[in-house]
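*Asks:*
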Amino acid sequence: MTVATSCAARRPLSRAVWWTDDEVSAGVEVRLARTFADFDAAFRLVHDQYVRRGFVAAEPSGRRVGAHALLPSTKVLIATADGRAAGTMTVIEDSRLGLPMDMAFTRELDRLRARERRLAETSALALAPPCRRQSAAILIRLFRLAALYLTTVARADDMCFIVHPRHQGFYRSLFPFEQFPERHAYAPIKGVPPSTGFRADLRLVRAIVRAERLGLSPGPLYRFMFGPAALRDVTRQVRRDLAASTLTPHEWAWLFAPPDGPTPARSADAIEAP
Amino acid sequence: MSAAHRERRSAGAAPWWEETPALASLDFGLATTPRDFEGAFRLLHDRYVWRGYMAPEASGQRLGAHNLLPSTKVILARSGDRMVGTVTLVEDSCLGLPMDEAFGAELGRLRERGCRLAEAASLAVGRTEGASGVAVVVRLLRLAILYAARIARRDRLCFTVTPRHRDFYPRLFPMRRFKESRTYRRVNAAQVLGLYLDLRLVRALIRMERAGLSTGPAGRFLCGPATSEITTRLRRDLPRTALTPAEWARVFAEAGPWADAVPAAFFAAGPEPAEQRR
Numbered sequence: 001m002t003v004a005t006s007c008a009a010r011r012p013l014s015r016a017v018w019w020t021d022d023e024v025s026a027g028v029e030v031r032l033a034r035t036f037a038d039f040d041a042a043f044r045l046v047h048d049q050y051v052r053r054g055f056v057a058a059e060p061s062g063r064r065v066g067a068h069a070l071l072p073s074t075k076v077l078i079a080t081a082d083g084r085a086a087g088t089m090t091v092i093e094d095s096r097l098g099l100p101m102d103m104a105f106t107r108e109l110d111r112l113r114a115r116e117r118r119l120a121e122t123s124a125l126a127l128a129p130p131c132r133r134q135s136a137a138i139l140i141r142l143f144r145l146a147a148l149y150l151t152t153v154a155r156a157d158d159m160c161f162i163v164h165p166r167h168q169g170f171y172r173s174l175f176p177f178e179q180f181p182e183r184h185a186y187a188p189i190k191g192v193p194p195s196t197g198f199r200a201d202l203r204l205v206r207a208i209v210r211a212e213r214l215g216l217s218p219g220p221l222y223r224f225m226f227g228p229a230a231l232r233d234v235t236r237q238v239r240r241d242l243a244a245s246t247l248t249p250h251e252w253a254w255l256f257a258p259p260d261g262p263t264p265a266r267s268a269d270a271i272e273a274p
Numbered sequence: 001m002s003a004a005h006r007e008r009r010s011a012g013a014a015p016w017w018e019e020t021p022a023l024a025s026l027d028f029g030l031a032t033t034p035r036d037f038e039g040a041f042r043l044l045h046d047r048y049v050w051r052g053y054m055a056p057e058a059s060g061q062r063l064g065a066h067n068l069l070p071s072t073k074v075i076l077a078r079s080g081d082r083m084v085g086t087v088t089l090v091e092d093s094c095l096g097l098p099m100d101e102a103f104g105a106e107l108g109r110l111r112e113r114g115c116r117l118a119e120a121a122s123l124a125v126g127r128t129e130g131a132s133g134v135a136v137v138v139r140l141l142r143l144a145i146l147y148a149a150r151i152a153r154r155d156r157l158c159f160t161v162t163p164r165h166r167d168f169y170p171r172l173f174p175m176r177r178f179k180e181s182r183t184y185r186r187v188n189a190a191q192v193l194g195l196y197l198d199l200r201l202v203r204a205l206i207r208m209e210r211a212g213l214s215t216g217p218a219g220r221f222l223c224g225p226a227t228s229e230i231t232t233r234l235r236r237d238l239p240r241t242a243l244t245p246a247e248w249a250r251v252f253a254e255a256g257p258w259a260d261a262v263p264a265a266f267f268a269a270g271p272e273p274a275e276q277r278r
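Order-wise, the sequence lines are chains A and B.
With the numbering used here applied, the first sequence corresponds to residues 1 to 274, in that order.
With the numbering used here applied, the second sequence corresponds to residues 1 to 278, in that order.
#1: Just tell me which of B:Glu38, B:Ala144, B:Ala253 has its CA closest to the CA of Arg235 (chain B).
#2: Taking its Cβ as the centre, do 16 or more other Cβ atoms sit within 10 Å of His250 (chain A), making it buried, or is it exposed?
#3: Taking only beta carbons into account, state which residues of the stretch 194-228 of chain B come closer than 8 Å to chain A, listed in chain order.
#4: Contact between the stretch 145-154 of chain B and the stretch 225-245 of chain B: three or more CB pairs below 8 Å?
#5: Interface residues of chain B around Leu214 (chain A) at Cβ under 8 Å?
#6: Apart from the five residues on each side of it in sequence, which residues of its chain come closer than 8 Å, Cβ to Cβ, to Pro34 (chain B)?
#7: Hey, how far is the Cα of Gln179 (chain A) from the Cα of Leu95 (chain B)?
#8: Using a beta-carbon distance below 7 Å, is Trp16 (chain B) in contact with chain A?
#9: Name the two residues that bound the continuous alpha helix (DSSP H) containing Val161 (chain B).
#10: Looking only at its chain, what residues have a beta carbon closer than 7 Å to the beta carbon of Ala31 (chain B), apart from the 5 residues adjacent to it on each side?
#11: In angstroms with no decimal places, state the Cα-to-Cα distance between Leu141 (chain B) and Ala243 (chain A).
#12: With H, G and I counted as helix, E and B as strand and the rest as coil, what does DSSP make of Thr231 (chain B)?
#13: Closer than 8 Å is the cut-off here; do at least three beta carbon pairs connect the stretch 141-155 of chain A with the stretch 217-230 of chain A?
#14: Three-state secondary structure (DSSP) at Gly108 (chain B)?
#15: How about Thr223 (chain B) and Leu201 (chain B): are their beta carbons less than 7 Å apart?
#16: Considering only residues of the same chain and omitting the five flanking positions on each side of Leu202 (chain A), which have a CB-CB separation below 8 Å?
#17: Kindly list the residues whose CB is nearer than 6 Å to the CB of Pro181 (chain A), restricted to its own chain and excluding five residues on each side of it in sequence; keep chain order.
#18: List the residues of chain B whose Cβ lies closer than 8 Å to the Cβ of Tyr222 (chain A), in chain order.
#19: To the nearest whole angstrom, what separates the beta carbons of Leu26 (chain B) and Arg78 (chain B), a pair I think is in contact under 8 Å?
#20: Would you say Pro176 (chain A) reaches chain B, if we count a Cβ-Cβ gap shorter than 7 Å as a contact?
#21: For chain B, find out if any of its Cβ atoms is closer than 7 Å to the Cβ of Ser14 (chain A); answer yes or no.
#22: Val218 (chain A) versus chain B: which residues are under 7 Å apart at the beta carbon?
#23: Flag this pair as yes or no: are the beta carbons of Leu117 (chain B) and Asp92 (chain B) separated by less than 7 Å?
#24: Check whether the Cβ atoms of Val46 (chain A) and Ala81 (chain A) sit closer than 7 Å, and answer yes or no.
#25: So, with DSSP's three-state summary, where would you put Met54 (chain B)?
#26: Under a Cβ-count criterion, where at least 16 other Cβ atoms within 10 Å of its own Cβ denotes burial, should Phe256 (chain A) be classed as buried or exposed?
#27: Residues of chain B with CB closer than 9 Å to the CB of Ile140 (chain A), please, in chain order.
#28: For Ser73 (chain A), count neighbouring Cβ atoms within 10 angstroms of its own Cβ and tell me buried if that reaches 16, exposed if not.
#29: Given that a residue counts as buried once 16 or more other Cβ atoms are within 10 Å of its Cβ, and exposed if not, what is Ala189 (chain B)?
#30: Can you tell which of A:His167, A:Phe55, A:Asp94, A:Leu247 has the C-alpha that lies nearest to the C-alpha of Leu191 (chain A)?
#31: Using a Cβ cut-off of 8 Å, which residues of the stretch 98-118 of chain A contact any Cβ in chain B, in chain order?
#32: For Cys223 (chain B), which three-state DSSP category applies?
#33: Enumerate in chain order the residues of its own chain whose CB-to-CB distance from Ala114 (chain A) is below 8 Å, with the five nearest sequence positions on each side excluded.
#34: Within its chain, find whatever has a CB closer than 7 Å to the CB of Ala226 (chain B); leave out the 5 residues flanking it on each side and keep chain order.
#35: Determine the chain B residues that contact Ala146 (chain A) at a beta-carbon separation under 7 Å, and present them in chain order.
#36: Please check the pair Ala211 (chain A) and Thr215 (chain B), which I expect to be a contact at CB under 8 Å, by giving their CB distance rounded to whole angstroms.
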């Protein structure tokens, strides 16, 4: 996952403020995108941050949307603060399309597939500049939602992502990720040195969830991410949003070839109706 | 000072987990020879008689029908040739578990939920040569837990304890307790409590420890770096951990009345034990 923020890597992770619920994280809601406005805001945020960093050229649409986003199994996570998009991350399950990072790490991913492991990738991470003070808190909450979604709902075995070399230390201090041995250039992102592929073994996440449930914790960060309260809250939220977490064909058509006229709107009732 | 007093005094103390020279001189492993089995059965007999759990047997040994099952493993702590401690790991089978007699309903509910059970039974610790008795018990149980979790791939390890140990074992390992105490004929109709440990949790803790995430000294002791070495040794000894029918015939014949409980066909004529071992 190419991170469009640079401040996170320079701080030590000993700041409990990043994972405790306090004034920094107050007002931040992290959930699955469930309305067209959510998706639109997420795609625009990724576009703007990637353009700003020089990772991609500006698109006339002002959005960055890939083919993987069309898959119903792909989930866009969004963090909102004060009603505005503060961060986003996309969770992509492996399919016939492969994963976006197959462009750089296909050999490593194929080795995992050969072991019949179900893969997923977290990609398109972006944080809004006005929320820099909250960036690590938002990032950790996005990571928690992605990991718990993949663990409990998608039942994947590995969560993989690409990390900018500058951010490796931060991620290593967050979770015992395994690192692919070689660095590779990732063609869709310009101006970034060869990056590292990280892998979170989701069986380890399940193990932590099980231990936390019985009161055995490896520490406050893990209790925050995978403890009973986190599991209960995230699961409840995902169950609530899951049915609405995919764009309709009409919305997709509008995104890829926007006609003249207002943006598609949908009510919660329309989505939830059988 | 009785063993119970010593246990109470040392409950919560760190030295249980630490290796001491006295503990390092002990050898913990599976019984692999007739001499091992006999030593364990004798130690069990002597300790149970001392505790008043049974009347003395002429054979000076205590063993039961579950010992005949190839899946039953006798775990030992030895100091040279001397037996220091023992516990027996019984996997669930058509015979059930020894503690079914007292907790059959509770175990039945676990079985209905698809849990594969095992029991740690026949725990006894003798003279420990300067090592803490609790430390020996804990290490014997660690072997039983790791064997049940990693080799037998069971889901729950159950056992009975006397009410005075009600809080002791859950402090060592994250165990749960069956609600009611029961009378248990196998220990002279004493009152016992039923405990069980979720072995899926043990496997989860092993995975976490391997990834460098520790839940504390108890978790590290049970599931930490020593786990691999212990499991390797258990696997190495595994093919030699069942006595041959002829060896059993001799052990049971010496054990006297117990032999009546064993089907005669089990002792079908075969070569002498030494010949079979060769």
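Don't be surprised by glycine CBs; every beta carbon is placed ideally from N, CA and C.
*Replies:* Quick look at the numbers:
#1: B:Ala144
#2: exposed
#3: Asp198, Arg200, Leu201, Arg203, Ala204, Leu205, Arg207, Met208, Ala211, Gly212, Leu213, Ser214, Thr215, Gly216, Gly219
#4: yes
#5: Pro174, Asp198, Leu201
#6: Leu243, Glu247, Arg250, Val251, Pro273
#7: 49 Å
#8: no
#9: It is not in any alpha helix (DSSP H) - Val161 (chain B) instead sits in the beta strand (DSSP E) that spans 156-161.
#10: Phe37, Ala40, Val74, Leu76, Thr241
#11: 48 Å
#12: helix
#13: yes
#14: helix
#15: Note that residue 223 (chain B) is Cys in the sequence shown here, rather than Thr. Going by C-beta atoms, Cys223 (chain B) is not nearer than 7 Å to Leu201 (chain B).
#16: Ala147, Leu150, Thr151, Ala156, Asp157, Asp158, Met159
#17: none
#18: Leu213
#19: 7 Å
#20: yes
#21: A caution first: Ser14 (chain A) carries a pLDDT of 45, below 50, which makes its placement in the model too unreliable to give a value.
#22: The question names Val, but residue 218 (chain A) is Pro in the sequence shown. Chain B residues near Pro218 (chain A): Met208, Leu213, Ser214, Thr215.
#23: yes
#24: no
#25: coil
#26: exposed
#27: Within chain B, no residue comes near Ile140 (chain A); the closest Cβ sits about 16 Å away, beyond 9 Å.
#28: exposed
#29: exposed
#30: Leu is not the amino acid found at residue 191 (chain A); the sequence shown has Gly there. Minimum Cα distance to Gly191 (chain A) is reached at A:Phe55.
#31: none
#32: helix
#33: none
#34: none
#35: Those within 7 Å of Ala146 (chain A) in chain B number zero; the least Cβ separation is about 18 Å.
#36: 6 Å
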